[in-house]
Amino acid sequence: MSDEPLEASMGWGVVHLFYRVDRSRADEEPGGAKHVLDAIERLTADGTHQVLTFAALGHKADLGVMALGPDLARLQAFQQDLARAPLVLTWSYASLTEQSEYAATEADERARLAADEGVTDPDDVEARLAAWRDRIEHYREQRIHPRLPARRAISFYPMSKRRTGADNWFALDFADRKRLMAGHARVGRTYAGRVLQLITGSTGLDDWEWGVTLLADDPAALKEIVYEMRFDEVSARYADFGPFVTGLVLEPAEALRRVGLDA
Amino acid sequence: MSDEPLEASMGWGVVHLFYRVDRSRADEEPGGAKHVLDAIERLTADGTHQVLTFAALGHKADLGVMALGPDLARLQAFQQDLARAPLVLTWSYASLTEQSEYAATEADERARLAADEGVTDPDDVEARLAAWRDRIEHYREQRIHPRLPARRAISFYPMSKRRTGADNWFALDFADRKRLMAGHARVGRTYAGRVLQLITGSTGLDDWEWGVTLLADDPAALKEIVYEMRFDEVSARYADFGPFVTGLVLEPAEALRRVGLDA
Amino acid sequence: MSDEPLEASMGWGVVHLFYRVDRSRADEEPGGAKHVLDAIERLTADGTHQVLTFAALGHKADLGVMALGPDLARLQAFQQDLARAPLVLTWSYASLTEQSEYAATEADERARLAADEGVTDPDDVEARLAAWRDRIEHYREQRIHPRLPARRAISFYPMSKRRTGADNWFALDFADRKRLMAGHARVGRTYAGRVLQLITGSTGLDDWEWGVTLLADDPAALKEIVYEMRFDEVSARYADFGPFVTGLVLEPAEALRRVGLDA
Amino acid sequence: MSDEPLEASMGWGVVHLFYRVDRSRADEEPGGAKHVLDAIERLTADGTHQVLTFAALGHKADLGVMALGPDLARLQAFQQDLARAPLVLTWSYASLTEQSEYAATEADERARLAADEGVTDPDDVEARLAAWRDRIEHYREQRIHPRLPARRAISFYPMSKRRTGADNWFALDFADRKRLMAGHARVGRTYAGRVLQLITGSTGLDDWEWGVTLLADDPAALKEIVYEMRFDEVSARYADFGPFVTGLVLEPAEALRRVGLDA
Amino acid sequence: MSDEPLEASMGWGVVHLFYRVDRSRADEEPGGAKHVLDAIERLTADGTHQVLTFAALGHKADLGVMALGPDLARLQAFQQDLARAPLVLTWSYASLTEQSEYAATEADERARLAADEGVTDPDDVEARLAAWRDRIEHYREQRIHPRLPARRAISFYPMSKRRTGADNWFALDFADRKRLMAGHARVGRTYAGRVLQLITGSTGLDDWEWGVTLLADDPAALKEIVYEMRFDEVSARYADFGPFVTGLVLEPAEALRRVGLDA
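Chains as they are written, first to last, in this note's numbering: chain R, 1 to 263; chain D, 1001 to 1263; chain W, 2001 to 2263; chain Y, 3001 to 3263; chain C, 4001 to 4263.
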């Protein structure tokens, strides 16, 4: 069988697919939702891959579909399965989940414990580091092998770091970038619980360097986090943003009903 | 019932929808205006949501529809209702109403009373502040929960603040931005009565940071206010503008008649 | 009657409409030219509004239609009338005629008379100023309420003034802008008779700040004037240009015949 | 007869037309090549106008058609004639042939003869200048009234000179521009025989300032000349380039056969 | 016979063709894969030309086809053969294989042997240079006349070198460019075996200066190499990137099956 898996050595594949409903086909061929529901069932039945569906606001798409999992071959097959539905693929984004290269290291944490908390007793340090390792491992696992949570609103956008004149992110050394990203992450953490961010890497795979998926129950939170971060130097000086798509996360059958595809 | 409301913790949802009439469908399926009128009735009947319709000039759209209100789920449903009409959604903009972060505070007003008007007697100050609080509350309410007025001409455009080289709005500190915005607002106030501005926030939701809706009875006023503001430092150095759409605000049935959709 | 006029307090409305012929519709529904000719007749019959038609070169349009006059409601109705013809509106531009803010004032002329011509005798000055006022009034009237002349070739393009780094037109003070524009106008005057320019304002109405319509009998003159002006500081440092469309100005029936629409 | 010629006072009209074949129309209406061959015959029969056809590589076009000659009215008519064929006009470029303003003058040549060749005897100088005038006149004539040669490969692209910050071509004085262009021309001359360049002017007529048509028998030469020139200051600092289209120059009937249109 | 070859004096022709499946045609005309398989057979049967097919991720294309070989006439014919299949050509890229101008010379290698390895004995040097010449000749041959390897994932993108302000690649002298490129190449070599790069030249032929084809078995490697190189000065300061398309390399019949075309 030629559908052999294609897996990355690190990270899951992620495709964000944005569809306009082809109204005339949908009218001519009732039951168009079934193609989509079947495709989702096929991809997710064994629990290895996930799909999130949303009804988008505005002209960029009626329906948004985010799919992720280890096998790029199955993601491509999923996309082709959806091509049977009365949908027109108007935009998309391909990326891989990835660990942040700026994540704190054990040495960072050891230094922080000594400097900020005065913890230097070797046993204390070791106990604290063990707890830290668990937290970090959980966080890392959630970035590489995320479980998409159930939130009611979504925003997706791609972005790149700037390389223009004096504002050239890729000309900064690692320490400066790590320091800047740490400040950026601090803003993000003030939204912990309100907004879930999934940052996936797309350099070499799609037109921008990262894809950002934001999930929240409060639509205002999607606006507030991006706006607040824009004042952070990482965004203010070094970020270029692509198009933004916003929508209402819904169960697949409900999302399809809401965009006018019947089952 | 799955159509549960999706409301932001702060601000109403706003969608600007721009449609081209699909002439061949409109000819084949007479009565296309009814879909639009029914959709508007469905959204606005209970008084919680509003719709403004206009006949646009030029190729960007035949018909413009601005809808706003607390429930994003109903706005999405409204957009889908309109999909039944012989219309093609060519462009759109999604945003949330929001308070200006640069609005004068009570401390600002107290200082202004002392400095500009010599009002320092505590009772006088308190009386003046009470009146100021009423005005400010009315103004704030109109930004967060606006009632769209009846004016004859409209212009809509999205915009962002610049982040390029020395002209980086997001690298300015709050006091500088507040001072600059106050000067900008002064220009706006000279158009009070002639032009009504509604500025809504879209960072994280759509491709620009704000949407600007201008309403006036005199089409020349739409040009004059934007042109005059362009010399203000906030626009001259820090503003990037998206596409502009202009049109004639009309009652829905009349707007539809004017773009060639019969009832 | 709901078609009440919508007039600007200053300036006429102008729409430049660019159409591709829909060949399959034109073949199926002979007589497509009639819709256009009727629409033009309807708009221009009472002498208040004007229409200029041209056969464009290249892919941007087959047919160009420039319409202007006091009532924006009638211009919108005209655009909708044209929608019945087998034409696809591929691009357009909306603007208002306007006076130049940099036009010489009576004080400028009085100073010029003294400095350049040594005219200081009060009676002489007054006589010269009276003649100047007539000329200026005629020029002003032609900008605000233009009569389109019959020339054989046309070029239309929109433009904005730059706001980038050190080249920020809107950060210059009025005196500098007036001085620069005076030099620019001097170049324009060397083409008097060869090229007629109509500059209309579109800030707040369409995507650029001005629309420029050039009319000439010699197509080379359209190229020469824009090229020569490009070396002028106003263009060299401060102008950004949109798309250019060129064509052959023809009587409506002839223009329609030339783009393949029969009567 | 209303098809009166429209000729420029200087230069021939040039249109570059890029077509995609409309496969479904081509299948339904066999003989589509005839419309094109007839249109070419009509334009070129009297020897005043020329047409060059090529099969393009890639998605930008299947078929390229370059037409030139004195009468813009006939070029517009030619474009409309082609509209009967099963072709979709996807891109185009309109320009006029023109003399280079930086061409060497008789004074330049006289100075060069004295400085570089030590020719100062009046009779010698006069004899040399007479020969130079013939060469220059031939070169000038070939730019204004070119005869397109038969070469096997073509590349077309439009370009403009930059006006950004310190790299503003139009802010340079004439002597600097002439000196820079002379260096640029020297690179071009090293390709004499291998590559034929036709530079036509489009400021005020189309979106860029010049159109460049390169013709060569060796496709590698098209790449080499543009690449080598890119290091020249005129290109490196001052040139912005539009889209490039490349193809195989073929006799019309053969070009049409190669893009799938039968006769 | 008019299909005479068109070969470049240096380098093979390369076309990257990106297709969307036309679903309605594919449904109406079963067997659409056959047109593609026949076209590939026709181009590759004599072993002079190669084709690589892939199923792309996302909206940019369903199917990618990369074809290369000496004869541009056959590549054009191949593209036309594919036009019979129910495919829409959505994007493409045309280039020629080329030698790197920054490749090490024999003098470079001789200097390196002396400096880095202390090899100065004439016989030793000559023996080492003979081996070096073989390696370099193999490497050069693979760039000019590449044999495409079988890898499972592909990424294609075009790129240009920057010419903006202080970051102007084409204003650097050769020695600086060679030094910078050597550092860039060192990063590339750390991916030897994991990623195969084919860099082809397109200045003067298509919209960017180079096309880059990356092939790897591990999709993560496509991301990692481009991301790591972005920090290299050659990319950080001097590279502008076009669109990226990623996909799964598959045998033609399998690729066609995966995008929904049956045989």
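Beta carbons: idealized from backbone N, C-alpha and C, even for Gly.
Small disclaimer: the values here were computed from a predicted structure and weren't measured.
Hey, quick one: how far does the beta strand (DSSP E) through residue i stretch, first residue to last?
i	result
D3240/Y	A3239 to F3241
G1032/D	Premise fails: G1032/D lies in the alpha helix (DSSP H), G1032 to T1044, not in any beta strand (DSSP E).
S4095/C	L4087 to T4097
L3113/Y	No beta strand (DSSP E) contains L3113/Y, which is instead part of the alpha helix (DSSP H) from E3106 to E3117.
A3056/Y	Q3050 to A3056
Measuring straight from C-alpha to C-alpha, what distance separates residue i and residue j?
i	j	result
E2224/W	G3204/Y	8 Å
D1262/D	L1256/D	7 Å
A83/R	G11/R	26 Å
G32/R	E41/R	15 Å
H4059/C	L196/R	26 Å
L1248/D	E2106/W	38 Å
F9/R	A4153/C	The sequence as given places Ser at residue 9/R; Phe does not occur at that position. Whole-angstrom Cα-Cα distance: 13 Å.
D1123/D	L1043/D	48 Å
Y4093/C	L4057/C	18 Å
Q1050/D	F3054/Y	57 Å
L2250/W	L2052/W	8 Å
E1141/D	R1147/D	10 Å
A1114/D	A1185/D	21 Å
L2068/W	Q2099/W	16 Å
D1046/D	V1234/D	40 Å
M4001/C	D4071/C	A caution first: M4001/C carries a pLDDT of 37, below 50, which makes its placement in the model unreliable, though a value can still be read off. So the alpha carbons of these two residues sit roughly 15 Å apart.
G118/R	E209/R	39 Å
Got a sec: is the Cβ-Cβ distance from residue i to anything in chain C below 8 Å?
i	result
Y93/R	yes
I3225/Y	yes
L96/R	yes
L87/R	no
Please check if any C-beta of chain R sits within less than 8 Å of the C-beta of residue i.
i	result
A1171/D	yes
Q1079/D	yes
How is the alpha helix (DSSP H) around residue i delimited, first residue to last?
i	result
F1156/D	Note, F1156/D: premise wrong, no alpha helix (DSSP H); beta strand (DSSP E) at A1153 to K1161.
G2183/W	F2174 to R2189
V2125/W	P2122 to I2144
Y227/R	P219 to R230
V1234/D	E1233 to A1236
A2077/W	L2072 to L2082
L3256/Y	P3252 to R3258
R2025/W	R2023 to E2028
Could you check which residue in the options has the C-alpha nearest to that of residue i?
i	options	result
A4182/C	F4054/C, A4103/C, G4047/C and P4030/C	A4103/C
I3199/Y	V3021/Y, S3160/Y, A3085/Y and N3168/Y	S3160/Y
Q4079/C	L4113/C, F4018/C, P4070/C and Q4142/C	F4018/C
V1245/D	H1035/D, K1178/D, T1213/D and D1218/D	T1213/D
V187/R	L6/R, E228/R, H35/R and D121/R	E228/R
P4149/C	V4088/C, R4194/C, L4087/C and Q4099/C	R4194/C
Does residue i come within less than 8 Å of chain Y when only Cβ atoms are used?
i	result
S4009/C	yes
V2259/W	yes
G4318/C	The question about residue 4318/C has no answer here: the residues shown for chain C are numbered 4001 through 4263.
Look at the Cβ atom of residue i, then the Cβ atom of residue j, and state whether they are nearer than 8 Å.
i	j	result
R179/R	R1163/D	no
R230/R	F1170/D	yes
Hey, does residue i have any beta-carbon neighbour from chain D nearer than 8 Å?
i	result
D2206/W	yes
G58/R	yes
G2031/W	no
Along chain A, in chain order, which residues have C-beta atoms closer than 7 Å to that of residue i?
i	result
R3128/Y	Among the chains of the structure shown, chain A does not appear; the protein chains present are R, D, W, Y and C.
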